[in-house]
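J.: These protein sequence lines map, in sequence, to chains A and B.
One point on numbering: in our numbering, the residue at position 43 of the first sequence is 43, and numbering is uninterrupted.
Count along the second sequence starting at 1, add 146, and that's the number in our numbering.
By construction, the Cβ of each residue, glycine as well, lies at the ideal position given by its N, Cα and C atoms.
Since the model is a prediction, treat every value here as computed from it, not as a measurement.
Number of protein chains: 2
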Amino acid sequence: MEETQRIAIGALATHTGANIETIRYYERVGLLPAPARSSGGYRLYGTNHLKRLNFIRRARVLGFSLAEVRKLLTLADQRRRPCAEVRAVAAAHLEDVKGKIADLKAMERVLADTIARCEAGSGSHCPMIDALYTASSPSRWRRLAR
Amino acid sequence: MEETQRIAIGALATHTGANIETIRYYERVGLLPAPARSSGGYRLYGTNHLKRLNFIRRARVLGFSLAEVRKLLTLADQRRRPCAEVRAVAAAHLEDVKGKIADLKAMERVLADTIARCEAGSGSHCPMIDALYTASSPSRWRRLAR
DNA sequence: GCTTGAGTCTGGAGTTACTACAGACTCTAC
DNA sequence: GTAGAGTCTGTAGTAACTCCAGACTCAAGC
Numbered sequence: 001m002e003e004t005q006r007i008a009i010g011a012l013a014t015h016t017g018a019n020i021e022t023i024r025y026y027e028r029v030g031l032l033p034a035p036a037r038s039s040g041g042y043r044l045y046g047t048n049h050l051k052r053l054n055f056i057r058r059a060r061v062l063g064f065s066l067a068e069v070r071k072l073l074t075l076a077d078q079r080r081r082p083c084a085e086v087r088a089v090a091a092a093h094l095e096d097v098k099g100k101i102a103d104l105k106a107m108e109r110v111l112a113d114t115i116a117r118c119e120a121g122s123g124s125h126c127p128m129i130d131a132l133y134t135a136s137s138p139s140r141w142r143r144l145a146r
Numbered sequence: 147m148e149e150t151q152r153i154a155i156g157a158l159a160t161h162t163g164a165n166i167e168t169i170r171y172y173e174r175v176g177l178l179p180a181p182a183r184s185s186g187g188y189r190l191y192g193t194n195h196l197k198r199l200n201f202i203r204r205a206r207v208l209g210f211s212l213a214e215v216r217k218l219l220t221l222a223d224q225r226r227r228p229c230a231e232v233r234a235v236a237a238a239h240l241e242d243v244k245g246k247i248a249d250l251k252a253m254e255r256v257l258a259d260t261i262a263r264c265e266a267g268s269g270s271h272c273p274m275i276d277a278l279y280t281a282s283s284p285s286r287w288r289r290l291a292r
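1. Hey, is His195 (chain B)'s beta-carbon within less than 8 Å of any beta-carbon in chain A?
2. To the nearest angstrom, report how far apart Val215 (chain B) and Ala120 (chain A) are at their CA atoms.
3. For Val97 (chain A), go through chain B and note every residue whose CB falls closer than 7 Å to its CB, in chain order.
4. Which residue's Cα is closest to the Cα of Lys251 (chain B): A:Asp96, A:Leu12, A:Thr14?
5. Give every residue of the same chain whose Cβ lies closer than 8 Å to the Cβ of Arg37 (chain A), excluding the five residues on either side of it in the sequence, and list them in chain order.
6. Can you give me the Cβ contacts of His15 (chain A) inside the same chain, cut-off strictly under 7 Å, excluding the 5 residues immediately before and after it?
7. Within the present structure, is the beta-carbon of Val69 (chain A) separated from the nearest heavy atom of the ligand FMN by less than 7 Å?
8. So, using beta-carbon positions, are Ile275 (chain B) and Val86 (chain A) closer together than 8 Å?
9. Express the C-alpha separation of Cys118 (chain A) and Leu144 (chain A) in angstroms, rounding to a whole number.
10. At a Cβ threshold of 8 Å, is Ala90 (chain A) touching chain B?
11. Looking at the strands, I want to know which residues DSSP matches up with Leu218 (chain B).
12. Is there at least one Cβ from chain B nearer than 8 Å to Thr72 (chain A)'s Cβ?
13. Of all Cβ atoms in chain A, is any one closer than 8 Å to the Cβ of Ile247 (chain B)?
14. May I have the straight-line CA-CA distance separating Gly17 (chain A) from Ala205 (chain B), to the nearest angstrom?
15. Under 8 Å Cβ-Cβ, which residues of chain B neighbour Thr114 (chain A)?
16. Ser39 (chain A): which of A:Ala8, A:Gly30, A:Leu53 sits nearest, CA to CA?
17. Could you tell me which chain B residues have their CB closer than 8 Å to the CB of Val86 (chain A), listed as they occur along the chain?
18. Who pairs with Leu32 (chain A) in a beta bridge, going by DSSP?
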């Protein structure tokens with residue numbers, strides 16, 4: 001319960017793998033509570049900060065935006081954990097991720113195709129450049145990319 | 147060869163689907179050459195601008211960064227088109243896209259798993275929050291996410 | 001007690017690729 | 001000549017950091 005160890009920002013950074021500047025940034029934007037300070041003004045972090053920062057980093061690795069992380073942290077902070085709400089945030093994010101995968105796969109296909117044509121090209125002109133300069137409208141390309 | 151029609155920025159925006167502000171932005175950062183001006187200072191675009199802007203938009207749809215688009219445009223501008231260099235830019239970008247797809251798929255898996263556990267959960271605590279608060283280090287999560 | 005070097009502090013600017021104003025001016029049609 | 005739509009410039013905001021300068025603090029060694 002009580003927090004005895006207090007570590008400086010550099011140590012927290014090493015323990016979590018986060019950047020020092022990022023830690024200060026998270027404090028500035030209110031994701032990480034302001035820690036205690038030494039007499040000289042150094043930030044002194046306890047285990048709660050360590051846990052919270054790890055939470056943030058794990059959520060970020062999973063692609064949650066800081067706004068989503070904020071929401072998740074708020075939900076996590078409530079002692080009675082509203083699992084349904086957490087699930088809703090995660091599910092919305094999952095849909096987002098799926099959409100991005102679909103978009104990237106479409107891009108991958110077009111890129112791979114064009115590069116392949118490039119490789120087979122005779123050399124007088126570049127199929128990649130041609131494809132980009134071609135008169136078909138970007139909206140058609142966007143359709144293609146879904 | 148000669149350009150007779152000259153259209154205002156709004157018309158160019160409608161023709162390409164680009165935003166007016168974006169067109170001015172592309173000019174500011176040097177992707178689109180500064181067009182002629184009317185006596186009152188309005189920008190007047192010709193067909194070359196139209197083609198170039200479409201090129202940029204198609205490349206952006208395929209996920210090329212503006213830096214990459216710049217490189218592609220430079221290569222396209224050379225009369226003798228260095229197909230190999232174009233292919234290199236595109237291939238590098240394709241690798242990037244593939245990497246992002248892999249990352250997102252890993253995210254998708256972890257998210258879907260955790261949400262599934264969430265659905266099956268008894269209700270006393272949230273598996274999603276637990277997973278994020280779990281003591282395993284973010285670097286392990288990152289490994290997981292490849 | 002003093003010095004040294006590493007660590008930390010704040011505030012501000014830079015990054016990417018736009019987007020969104022405000023307030024002034026221009027163009028076209030009636 | 002005037003109304004209303006279009007355009008102009010310049011600045012600031014967005015996400016999520018990252019980097020920097022110049023000042024200060026801390027711990028260790030002598």
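T.: Once the coordinates are examined:
1. Mapped onto the second sequence, residue 195 (chain B) falls at position 49. Closer than 8 Å: no.
2. For the purposes of this step, residue 215 (chain B) is taken as the residue at position 69 of the second sequence. For the purposes of this step, residue 120 (chain A) is taken as the residue at position 120 of the first sequence. Rounded to whole angstroms, Val215 (chain B) to Ala120 (chain A) spans 23 Å at the Cα level.
3. Taking the first sequence and counting its residues from 1, the one referred to as residue 97 (chain A) is at position 97. Near Val97 (chain A) (Cβ distances below 7 Å), the residues of chain B are Leu250, Met253, Glu254, Leu257.
4. By one-based count along the second sequence, residue 251 (chain B) stands at place 105. With distances taken between Cα atoms, Lys251 (chain B) lies closest to A:Asp96.
5. Position 37 of the first sequence, counting from 1, holds the residue named residue 37 (chain A). Result list for Arg37 (chain A): Arg43, Leu44, in chain order.
6. Here residue 15 (chain A) refers to the residue found at position 15 of the first sequence. For His15 (chain A), where only same-chain residues beyond five positions count, the Cβ hits under 7 Å are Leu50.
7. Annotation note on the ligand FMN: not contained in the displayed structure, which lists no ligands.
8. Start at 1 with the first residue of the second sequence, and residue 275 (chain B) comes out as number 129. Start at 1 with the first residue of the first sequence, and residue 86 (chain A) comes out as number 86. Contact annotation: Ile275 (chain B) and Val86 (chain A) have beta-carbon atoms nearer than 8 Å.
9. Position 144 of the first sequence, counted from the first residue, corresponds to residue 144 (chain A). Position 118 of the first sequence, counted from the first residue, corresponds to residue 118 (chain A). Unreliable placement is indicated for Leu144 (chain A), whose pLDDT of 47 sits below 50; no coordinate value is reported for it.
10. As a first step, residue 90 (chain A) must be located in the first sequence, where it is residue number 90. Cβ-Cβ to chain B under 8 Å: yes for Ala90 (chain A).
11. Here residue 218 (chain B) refers to the residue found at position 72 of the second sequence. Looking at the DSSP assignment, Leu218 (chain B) forms no beta bridge with any residue, so it has no partner.
12. Against the first sequence, residue 72 (chain A) aligns to sequence position 72. In the sequence on display, residue 72 (chain A) carries Leu and not Thr. So yes, Leu72 (chain A) belongs to the interface.
13. What you label residue 247 (chain B) is simply residue 101 of the second sequence in a count that begins at 1. Closer than 8 Å: yes.
14. Here residue 17 (chain A) refers to the residue found at position 17 when the first sequence is read from its first residue. Here residue 205 (chain B) refers to the residue found at position 59 when the second sequence is read from its first residue. Rounded to the nearest angstrom, the two C-alpha atoms are 35 Å apart.
15. Counting from one through the first sequence, the residue named residue 114 (chain A) turns up at place 114. Under the 8 Å cutoff, chain B gives Ala236.
16. In the first sequence, the residue the question calls residue 39 (chain A) occupies position 39. When C-alpha distances from Ser39 (chain A) are compared across A:Ala8, A:Gly30, A:Leu53, the shortest belongs to A:Ala8.
17. Indexing the first sequence from 1 puts residue 86 (chain A) at position 86. Taking a Cβ-Cβ threshold of 8 Å, the residues of chain B close to Val86 (chain A) are Cys264, Cys272, Met274, Ile275, in chain order.
18. Numbered from 1 along the first sequence, position 32 holds the residue referred to as residue 32 (chain A). Answer is none; Leu32 (chain A) lacks a bridge partner.
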